[in-house]
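Residue 109 in full-length UniProt numbering sits at position 109 of the sequence shown, and the numbers go up by one each step.
In this text, a Cβ means the ideal position worked out from N, Cα and C, and glycines have one as well.
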Amino acid sequence: GKRLGAADVDKWALYVIGQYCDQSVPDGFGGTEPRITCNAYLTTQRKAWDVLSDFCSAMRCMPVWNGQTLTFVQDRPSDKVWTYNRSNVVMPDDGAPFRYSFSALKDRHNAVEVNWTDPDNGWETATELVEDTQAIARYGRNVTKMDAFGCTSRGQAHRAGLWLIKTELLETQTVDFSVGAEGLRHVPGDVIEICDDDYAG
């Protein structure tokens with residue numbers, strides 16, 4: 001664009017994201033396919049940030065300005081970058097530096113209807129239903145919907161729905177704490193470890 005040039009974008013982060021997306025995975029029908037592909041045709045004028053966000057959603061990543069460049073953080077397996085315990089966090093007056101909270105049960109969906117573009121049906125929108133039967137039996141059916149941007153593969157649509165379900169069912173807890181200048185080393189998406197002497201589980 002006019003305000004953001006190629007030198008302002010972290011191309012190496014995009015390269016690693018591309019490698020992850022290109023890895024072959026089972027397609028659910030006896031074959032393999034790239035983990036994530038994007039086949040999108042833009043026909044209307046939209047804000048650049050909205051279009052960028054749509055492309056990022058296809059790759060399960062988000063754009064982040066790190067103070068120098070526009071980089072991208074992807075939800076993929078990675079190693080921890082730092083460990084926090086009582087010795088390197090700000091200690092509040094109540095003596096409990098780590099405060100825990102949980103997501104609401106209504107936000108933990110166990111079924112999702114994924115809208116994707118089916119090339120075998122005239123490029124019409126199709127819907128792939130993804131369910132977690134064990135979670136449905138335990139909590140009752142909780143359905144949501146999502147649009148898989150640029151998705152033209154039923155297998156990829158299924159994986160997108162499965163990712164949403166597993167994320168909401170397994171990542172249910174958040175921890176809140178304060179740090180000093182040490183926290184400046186991080187960008188959103190960094191994996192950290194919490195060692196809390198007063199918590200087990």
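Between Val-81 and Ser-178 the beta-carbon gap is near 18 Å, outside 8 Å, which marks them as no contact. Looking at the DSSP output, Met-91 shares a beta bridge with no other residue. Only buried fits Pro-97, as 16 or more other CB atoms lie within 10 angstroms of its CB. Excluding residues up to 5 positions away in sequence, Asp-22 lie with their Cβ nearer than 6 Å to the Cβ of Pro-34 in the same chain.
Assignment of Ile-36 by DSSP, reduced to helix, strand and coil, places it in the coil class. Taking a 10 Å sphere around the C-beta of Gln-156, we find 16 or more other C-beta atoms and assign the residue as buried. In terms of Cβ geometry, Val-130 and Leu-170 do not form a close pair [threshold 8 Å]. Contiguous alpha helix (DSSP H) elements confined to the region 38-107 occur at 48-58, taking only those with 4 or more residues. For Ala-111 against Asn-142, the beta-carbon gap comes to about 7 Å, under 8 Å, which counts as contact. The C-alpha of Pro-26 lies about 12 Å from the C-alpha of Ile-36. Counting only residues of its own chain and dropping the five nearest sequence neighbours on each side, Thr-32 has a CB closer than 8 Å to the CB of Ser-24, Val-25, Pro-26. Only residues of its own chain outside the window of five on either side were considered, and among them Met-62, Val-64, Val-73 have a CB closer than 8 Å to the CB of Pro-188, listed in chain order. In the three-state scheme derived from DSSP, where H, G and I count as helix and E and B as strand, Asp-118 is classed as strand. Residue burial is scored here from C-beta neighbours: Cys-151 has at least 16 other C-beta atoms within 10 angstroms and is therefore classed as buried. Setting aside the 5 residues that flank it on each side, Ala-181 has no residue in the same chain whose C-beta is closer than 6 Å to its C-beta. With 16 or more neighbouring CB atoms inside 10 Å of its own CB, Asp-132 falls in the buried class. DSSP links Asp-147 through a beta bridge to Asn-115. Sequence-distant Cβ neighbours of Thr-71 in its own chain, meaning closer than 6 Å and more than five residues away, are Asp-10, Ala-13, Val-64.
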